[in-house]
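Here the structure is laid out as structure tokens; the discussion comes afterwards.
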Amino acid sequence: MAEIKQTFPIKGMHCASCVRVIEKSLSRTPGIKEANVNLATEKATVIYEDTECSPNQIASAVSNVGYAALVEQTKVDEGAERGEKEKSLKVLRSKVAVSLVLGGLILWGSFPGLMNTAPSFLKIPWVQLLLAIPVQFWAGLEFYQATIPALKHRLANMDTLVALGTTVAFGFSAFITFFPQIVQSIGLEPMPYFDVSTIVIGLILLGRYFEAKAKMGTSEAIKKLIGLQAKTARVLRGKGKGESVKEMDIPINEVVIGDIIRVRPGEKIPVDGIIIEGKSSVDESMITGESIPVDKTKGDSVVGATMNKSGTFIYKAKKVGSDTMLAQIIKLVQEAQGSKAPIQRIADTISSYFVPIVIMLAFATFGIWYVLGGTNAFLFALLNTVAVLIIACPCAMGLATPTAIMVGTGKGAENGILIKDAESLEIAHRLNTIIFDKTGTLTNGKPEVTDIVRVRGKGESVKEILGLVASLEKGSEHSLAEAIVKKGEEERVNIEKVEGFKAIAGQGVEGGVNGRKVYFGNTRLMENKKIDLTHVRSGLARLEGEGKTVMILATSSRHSEHSEESHIIGLIAVADTVKETAKAGVEALQKLGIEVVMITGDNQATANAIASKLGIKRVLAEVLPDQKEVEVRKIQAEGRKVAMVGDGINDAPALAAADIGIAMGTGTDVAIEAADITLINRDLKSVASAIELSKKTMRTIKLNLFWAFGYNIILIPVAMGILYPVWGILLNPIFASVAMASSSISVVSNSLLLKRTKL
Amino acid sequence: MSPDKIFVALFSLAGVAFTYWFFLMRKEQEVSAISDSIDITVEGGYNPEVISIPFGKITKINFIRKDPSNCLEEVVLSDFKIRKYLPLNQKVTLELTPQKKGEFKFSCGMNMFHGKIIVK
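So the sequences go chain by chain: A and B.
Residues 23 to 781 (this note's numbering) are what the first sequence spells out, left to right.
Residues 48 to 167 (this note's numbering) are what the second sequence spells out, left to right.
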């Protein structure tokens, strides 16, 4: 249990009675010992028991009485973590320096060949003992500090092995120093091995230092994301009724939903919201990975942490705190880095038995060498036992998978690819089929006018045709009408007054424009109106073959009320347009040898037209929304590993059914929840990039595991002396410590290489 | 074989047997969360190392790291997608609302020390 004192801003207070109401509500909340509210600073200070009360409960106690408390949730911030790590690195550095200098002096005075050049006092065992003591019990203290409590719980780890190994070497050497005659009497030369104990500690600590530095790099992505957050926001707030609006800078955590915020050129956008005044271009590369700035104007949404480039605008805050897109991305990446890849299971099982097995092998090594070692059997037994304890490196096995996952998911986030968990990252490298939903994923999802065809050689121009149609469709509510009116606005055509407008369901519209009758609709409308279609049939067929919806425009001669006297003057084709990145995205996947499938509710002709434009060979057309999931399962039943790419909202069941669901991101909770991978950059090329990232991460993990296992499997027997009978090779414990330190460094460094991957 | 060799051979055999018994035959003790909060001391492992928490309810798990070993500086609850840095001598609270019954392992960042959460 711990008492926590926390100060946080309160919103909505006006007078002294507000203070009393909030204080009363807070002091009634279980776990809160003291609550003080200050009207002047608009802040509350609360002392509470963290086991009985949480920041959430405090916030709800305040909101229950009609105010808002901006209680921060996190107690341990990233800065504190970094500070503590850097402090421990500093201590580690001095321990390494002391151990290696003292160990080096001992080595100089005791190593055969070298010792002849050493001053005579360094050869005295008592001097070596004095030099070895600080290394063993100050620099090496952390090994004991970890080993003793672990042994109390009958557990062992890496530190246990180092503590055992160096204690054996140090203890034996100290015994020789104190009682050289006893050692001599059993036929051994009284030579201490303080160089082994000290240099081994120095080198292992040095390895740990580099490993810790490298490990700090693996979690850099999260720190970068957190660093993106703006610190303050310039809000426009009114004090009350009739009072003028005041502009002030406030800390980001005090911004509430509905706040009106001004953003000036070159400033960071503080939270998510919608522009209500002004326009600008915004650099969203930090969130989406897309380097080209996006133009924003009234009604457009802006994302917190992105950078305003040129203009000034005012916007309304829609999402704050943990609801912002940045907060969601950080949460997702943190969760992914905390998850476990299935490939790690083998390493998990082995590492839980590893240390006890190494200790058993050390006992066996001692026994075998003592019994079979011939002359100097005791020394062989002792040194080889120490080498076995020192060389075993369970850390490399433990670090192999998580470090690669951390770097891989971080790399993805930097490029707008959010991976939900390690399992998704692992499965993605086995994908061989990608199903794309058509509307809204491969296409923009909004129909656009693609062709305006003049039918007669003379008469109305293209602009006049568009003007007539736009005038007529202005009164229509049909979705295609919206596309035509929009095109008309873009082309700045004249909109004329329409008389006698009539919509004919399933056929089209008719009305009078400038005194002549105008008909606009499909072939059925023309047939009903007895208008001759003969000369436009080939044009109609061509456009429909391209998957477009074609409408026909016919007008009568001036003042004529008889439709059969009308003639066709133009065709307008409307179609959903393909996204800019779609073709390149499909090609990138095909290059990876992945089959691309398109699924859509559209008819076969329309679907085929889009598919052939993109180079997609397999098309599933006329699939009702609720049947998409069934189609995904059918392809899975063919033995394929399938990813479904959709918008994450309408096709959630299909995304869930697929081995990997990929949502073209909107940053909404729904999309992120439903998908295994979210592409917030909305770039279809990122589907291939995500698979590429998964392949590279898996390659790194496999290499790491191979190295970590291979290292232990090969070098432990070498340390036991397996090569001695044939080649006479034995491993000096000092070399064992070099190998051990380098094994975990190499695993972490290999994971860090993933950062250089280009996506 | 000389008596010293016989002694050392027996000693190393006993050492192997003892290590096996000491580390691999230990029994885990399960501790239930009596209230909606449970403390786990991180010192040479996790104590208690097996905890039992109720299904569907919010339970606070408080980790207090007293061990300076960098092996234990992170705790990983991969089934709950949590990897958390544990500052020395500070309480770090994780709020869990288990949605599945069963046994869920947790470990240190290097996967050397393990614990178990049983959701009942």
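No residue lacks a Cβ here, since even glycine has one placed at the ideal position from N, Cα and C.
Between which residues of its own chain and residue i is the CB-CB distance below 6 Å, once the five residues before and five after are set aside?
{"i": "S765/A", "result": "C415, A418, Y733"}
{"i": "L470/A", "result": "The question names Leu, yet the displayed sequence has Glu at residue 470/A. The answer, listed in chain order, is A505, T599."}
{"i": "V98/A", "result": "For V98/A, the predicted model reports a pLDDT of 43, less than 50, meaning its position is unreliable and no value from the coordinates is stated."}
{"i": "E495/A", "result": "A503, I506, V507"}
{"i": "V43/A", "result": "V87"}
{"i": "E521/A", "result": "G534"}
{"i": "L752/A", "result": "G743, Y746"}
{"i": "N516/A", "result": "G489"}
{"i": "F192/A", "result": "Q158, S219"}
{"i": "S132/A", "result": "D217"}
{"i": "V97/B", "result": "E75, E77, K163"}
{"i": "T346/A", "result": "V293, D294, G326"}
{"i": "R704/A", "result": "M686"}
Answer with buried or exposed for residue i, where buried requires no fewer than 16 other C-beta atoms within 10 angstroms of its C-beta.
{"i": "W14/A", "result": "No information on residue 14/A is available, as it lies outside the stretch 23 to 781 that chain A covers here."}
{"i": "P755/A", "result": "buried"}
{"i": "G438/A", "result": "buried"}
{"i": "W391/A", "result": "buried"}
{"i": "N536/A", "result": "exposed"}
{"i": "F153/B", "result": "buried"}
{"i": "F201/A", "result": "exposed"}
{"i": "K107/B", "result": "buried"}
{"i": "K718/A", "result": "buried"}
{"i": "L727/A", "result": "buried"}
{"i": "Q146/B", "result": "exposed"}
{"i": "F400/A", "result": "buried"}
{"i": "S313/A", "result": "exposed"}
{"i": "S708/A", "result": "buried"}
{"i": "F402/A", "result": "buried"}
{"i": "P647/A", "result": "exposed"}
{"i": "R112/B", "result": "buried"}
{"i": "G783/A", "result": "The shown model of chain A, from 23 to 781, leaves out residue 783/A, and the question about it has no answer."}
{"i": "V769/A", "result": "buried"}
Do you know whose CA, among the options, lies nearest residue i's CA?
{"i": "I279/A", "options": "R259/A, E289/A, R286/A", "result": "R259/A"}
{"i": "A697/A", "options": "D673/A, S711/A, T719/A, A710/A", "result": "D673/A"}
{"i": "G567/A", "options": "A595/A, A358/A, E445/A", "result": "A595/A"}
{"i": "D51/B", "options": "F731/A, V393/A, S759/A", "result": "V393/A"}
{"i": "F232/A", "options": "G687/A, V760/A, D648/A", "result": "V760/A"}
{"i": "K235/A", "options": "S771/A, T199/A, T779/A", "result": "S771/A"}
{"i": "E299/A", "options": "R286/A, I591/A, D305/A", "result": "R286/A"}
{"i": "G249/A", "options": "F216/A, I351/A, Q203/A", "result": "I351/A"}
{"i": "E64/A", "options": "K338/A, S483/A, R115/A, I272/A", "result": "I272/A"}
{"i": "I456/A", "options": "P31/A, E289/A, I657/A", "result": "I657/A"}
{"i": "F69/B", "options": "K717/A, Y375/A, V325/A", "result": "Y375/A"}
{"i": "M428/A", "options": "V123/B, N109/B, R112/B", "result": "V123/B"}
{"i": "R476/A", "options": "R538/A, I574/A, G530/A", "result": "I574/A"}
{"i": "L133/B", "options": "F127/B, D126/B, Y93/B, K167/B", "result": "Y93/B"}
{"i": "Q612/A", "options": "Q529/A, A597/A, T463/A, L453/A", "result": "L453/A"}
{"i": "M200/B", "options": "T66/B, C118/B, V89/B", "result": "In the structure displayed, chain B extends from 48 to 167; residue 200/B sits before or after that span and is not available."}
{"i": "Q359/A", "options": "F127/B, I85/B, V89/B, I105/B", "result": "F127/B"}
Using 8 Å for Cβ pairs, my map puts residue i next to residue j. What's the rounded Cβ distance?
{"i": "K320/A", "j": "I283/A", "result": "About 15 Å separates the two Cβ atoms, so there is no contact after all."}
{"i": "L737/A", "j": "I413/A", "result": "5 Å"}
{"i": "V654/A", "j": "A680/A", "result": "5 Å"}
{"i": "L151/A", "j": "F216/A", "result": "7 Å"}
{"i": "V55/B", "j": "G389/A", "result": "6 Å"}
{"i": "K331/A", "j": "V304/A", "result": "6 Å"}
Please go through the same chain and pick out, in chain order, the residues whose beta-carbon is closer than 8 Å to the beta-carbon of residue i, but skip the five residues on each side of it.
{"i": "A627/A", "result": "E566, G567, G569"}
{"i": "Q206/A", "result": "P212"}
{"i": "K318/A", "result": "I297, K301, S302, S303, V304, V324, F335"}
For residue i, collect the residues of the same chain with a Cβ closer than 7 Å to its Cβ; drop the 5 residues on either side in sequence, then sort them by chain order.
{"i": "E150/B", "result": "K163, I165"}
{"i": "I487/A", "result": "I474, R476, L575, I591, G592"}
{"i": "S498/A", "result": "A525, V531"}
{"i": "V59/A", "result": "I32, V41, I44, E45, A66"}
{"i": "K148/B", "result": "F102, V166, K167"}
Anything in the stretch 364-375 of chain A with a Cβ closer than 9 Å to a Cβ of chain B? List those residues in chain order, please.
Among the residues of the stretch 364-375 of chain A, those with a Cβ less than 9 Å away from any Cβ of chain B are Q366, A369, D370, S373, S374, Y375, in the order of the chain.
For the stretch 192-205 of chain A, enumerate the residues whose C-beta is nearer than 8 Å to any C-beta of chain B, in chain order.
The residues in question: there are none.
Residues of the stretch 380-413 of chain A with Cβ closer than 7 Å to any Cβ of chain B, in chain order:
In summary, the residues of the stretch 380-413 of chain A whose CB is separated from some CB of chain B by less than 7 Å are I381, M382, F385, A386, F388, G389, Y392, V393, in the order they occur in the chain.
Name, going along the chain, the residues of the stretch 350-363 of chain A whose beta-carbon falls closer than 8 Å to a beta-carbon of chain B.
Residues of the stretch 350-363 of chain A whose Cβ lies closer than 8 Å to any Cβ of chain B, in chain order: Q356, E357, A358, Q359, G360, S361, K362.
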